[in-house]
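For reference, the structure discussed in these notes is given below.
Chains as they are written, first to last, in my numbering: chain A, 1 to 675; chain B, 1 to 367.
As structure tokens, then:
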């Protein structure tokens, strides 16, 4: 039975509508101005319950916004990812819809204060459905000149800029090539600049902490910034306080310093005259249910655990650390309570080998990797094709070729996944569309792997892996039953009538062979990578048998039942289709909606199954005058679809290591409509 | 020099005490009382296709003879091989088996052994398979101490690809790919295994069935990684490589039989400790009795075993045979299973999964 959720993103997906999605053409992006309609509707006075406080601070108005895009940017060592993560968690708990984009260098600590060392975290949150982390930030927090220089080009005029002035020293300015101080030379004239001496105020706030060095005090400046932003956007900080208490449980003074810095940042916002307004973003309307914030890697890990549970199999992960897939290994290694075994192997090949060995023994064998690792695993995946055993291979794609861009996103492993092995070596290939969808895709991968006894490659990517969104938590009981039956009896007989086991006898419906695990009496058999005779599995060099087996293995994959491709076309009159796969879902959906907002009729469809393709794919493609396929590669899916269906597809590609801006796709759609 | 500490590893969870002598097959289901199996039960219906005179035949017969003696249920025995002539082995045994890909058998077997404590898992490999393309997996399987019995058929040549030199071929050996003689220094597989801290390391000879069987039996009993180097003649591409060890007279002059608790001797020579060259052979009358080496395969420190492995000479003037090392230390697969078992206090229910999925900070949206 096909999984109902796969193919339909659970969150941030087509179930909800978004009118703008953080992509605005107008240049006026000042917080509170661009949203003046909302602001006018809901401006209210903040009420202070403690009268004594009021005397000491300015009266601040709280304005309501419908959405905000914040980017935290600083040095790799400034803790920007943590700051972004915490702000995101606080935002999720408030019930906003959100989408995030962590963006960091591959170097753990590039030289301090330099452009290569800039790390950023962008968060888009709103009172309505959001589909992307947003094209352009409304607010940039720049912790040093390098962060300002690297991110200013993305900042629309009028945006809010919070700058750590302490870092704008001659030396730091020179490091990035600012001839004069941009805070003073008029460079930032068209922005709403809030200069804050973040470092020195943090150090000042920690005066009493005599056990800490100045450097240790400075390190808490990200918590000060988080406190300030928490005030500015009225985010509750209890979750972060609990987080810090757990993180620094063994270091009471560091904990106290971080909590103090966090509160000092909050109080600074409240006290200073610099910020005239604080802002609120109301919870988004979402279907009733329980939600959590989730990244793609965590969703994939949880999906695998859940699938193993529903299948009644033990989960075995064989993996080798690689960016951006390692978090799946980290997550699963902490879930032994759920019967999960993880093995950090000596290399990529051993990771998949151990997983395949575990599958042979009746476990759910899984391996996780990125593009370079997938290349190394190719031969073993080919063996799994020949053995016809279940195996789930998760490729969290990153920029290539070779080492490429380890921390940046790309979807250029599609052809490697489909064809990157010797011989005719077909496997099933799936791709999640959003971080939350990684959960559903994991279940779907396990369904296909176990039902059809085949390797399944899941193509996630860096953007989905590290990006997060609110996710409606499913009830385990409502998820599909994935139970698996092992072979227990001989399935054939010798010429003399003796019962025997034929390892390559197939189910006529699925073409899957039986899964007979060691320890089952009477089913002793041998499998291997050398070509086998159909049914008996004996070594066979017979030409016709080989031809037969090659076609059989292909037919098995082609025959996997997958849901039809769904087309979203609200007017029903579109002649233009935008088709995507994988993580481009959000940007495409946002671009399509921008185009629709301008009256353009455009349909959208998204592939979750790349092999086999949904049965109606050709019909869908041929039903439109014009098909655009945006991809973060040089047109791999477009090439496949052209070859397979003879449809004149327009390929739109970018390989910048970042997701498509929605506006770029809206432009592509607009140009296509004009033609 | 390695100390006892490396051997006496710290327990990482509840379970048998490290160093306990639990058998390698202790958790594998055994035949019922009165049940027995014979060689025929371990012979598959496949025609054996090694070249006439190949040493692999003898090894196959020895294993088919040994397996019934282990008293294990046949369905709980698995043979996993890589690629090469010897790696065809699993097809000829009527157990569960996998003929995998070049060099990867130890990795695949590690996944199987770790996820199934009720299996007796054997790896069949050759010198090219395990020491060249699969060298990394071999050393890591031994380092981790996975409960695998690794049978390394060493014929000092690539047979299946028709006669190129291998990582154990001798310097100067003329082969198809070394027409002027090999310039590669060969590996000593026993030294390599000891260097990787394998708990059980032995060497035996294909045509000495009795010795071969006794070594394999000891390996099966050992809980942990066991590396057994089997000198195996390739009659086509490297015929006679071990002939000097097979001819009764010359063998007597060359083979040092390692026996636990016994002095290490060769004819009237005896092995002594020497500060400069480690262990060397000297005529008995010249030996300081205090320096005579008595073989202790159970010694936690592998240094002596390693020094014995260096008695080997490329021209096989003297070759130690037998069990170099047999010490028990905690196995990887047991430790992994114990961590999972300790964490898994109760069966996983839907409610457990529901709680896992909801995470630490869920929120509720009401209708």
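C-beta: ideal position from N, C-alpha, C; glycine also.
Burial check for residue 126/B: the Cβ neighbour count within 10 Å reaches 16 or more, so the residue is buried.
Listed as beta-bridge partners of residue 204/B by DSSP are 230/B.
Per DSSP, the unbroken beta strand (DSSP E) holding residue 65/A starts and ends at 61–65. Chain A has no Cβ within less than 8 Å of the Cβ of residue 138/B. As DSSP reads the structure, residue 275/B sits in no beta bridge. Put simply, of 258/B, 109/B, 67/B the residue whose alpha carbon is nearest the alpha carbon of residue 142/B is 109/B. As the crow flies, the alpha-carbon of residue 247/A is around 10 Å from that of residue 241/A. For the alpha helix (DSSP H) assignment, the uninterrupted runs of no fewer than 4 residues enclosed by the stretch 546–605 of chain A are, from N- to C-terminal side, 585–597. Between residue 125/A and residue 68/A, the C-beta spacing is below 8 Å. Between residue 256/B and residue 320/B the beta-carbon gap is near 4 Å, inside 8 Å, which marks them as a contact. Within chain A, the residues whose beta carbon sits less than 7 Å from that of residue 367/B are 288, listed in sequence order.
At a cut-off of 4 residues, the continuous stretches assigned as alpha helix (DSSP H) that sit fully inside the stretch 367–399 of chain A are 371–387. With its beta carbon less than 8 Å from one in chain A, residue 104/B belongs to the interface. Contact between the stretch 284–301 of chain B and the stretch 172–190 of chain B is absent: fewer than 3 CB-CB pairs across the two stretches fall below 8 Å. When 7 Å is used as the limit between beta carbons, residue 347/A is near these residues of chain B: 136, in chain order.
For residue 90/B, the residues of chain A that pass the 7 Å Cβ criterion are 526, in the order they occur in the chain. With a beta-carbon spacing of about 6 Å, residue 260/A and residue 206/A fall inside the 8 Å limit used to define contacts. Ranked by Cα distance from residue 641/A, the first of 619/A, 384/A, 421/A is 619/A. Using a CB distance below 8 Å, the part of the stretch 312–334 of chain A facing chain B consists of 314, 316, 318, ordered along the chain. Between residue 464/A and residue 636/A, the CB-CB gap reaches or exceeds 8 Å.
For residue 336/A, the neighbours in chain B by C-beta distance under 7 Å run, in chain order, 339, 340, 343, 344. When only Cα atoms are considered, residue 151/A and residue 361/B end up about 31 Å apart. Any Cβ of chain B closer than 8 Å to the Cβ of residue 502/A would place that residue at the interface, and such an atom is absent.
Membership of residue 243/A in the alpha helix (DSSP H) is indicated by the continuous run 238–247. For residue 288/A, no alpha helix (DSSP H) encloses it, and the DSSP letter there is neither H nor E. One alpha carbon belongs to residue 519/A, the other to residue 582/A, and they sit about 40 Å apart. Put simply, the backbone Cα of residue 363/B is about 6 Å away from that of residue 292/A. The three-state secondary structure of residue 101/B, taken from DSSP, is coil. Nearest to residue 66/A by C-alpha distance, out of 73/A, 89/A, 95/A, is 95/A. For residue 262/B, there is no enclosing beta strand (DSSP E), since its DSSP letter is neither H nor E. Taking a contact to require three or more Cβ pairs closer than 8 Å, the stretch 449–466 of chain A and the stretch 492–504 of chain A do not qualify as touching.
Residue 81/B has 99/B, 124/B as its beta-bridge partners, per DSSP. Taking 8 Å as the cut-off, the Cβ atoms of residue 394/A and residue 458/A count as close. Residue 537/A and residue 322/A have their alpha carbons spaced roughly 36 Å apart. Listed in chain order, the positions of the stretch 465–487 of chain A with a beta carbon within less than 8 Å of a beta carbon of chain B are 473, 474, 475, 476, 477. Counting only the Cα atoms, residue 199/A lies some 35 Å from residue 328/A.
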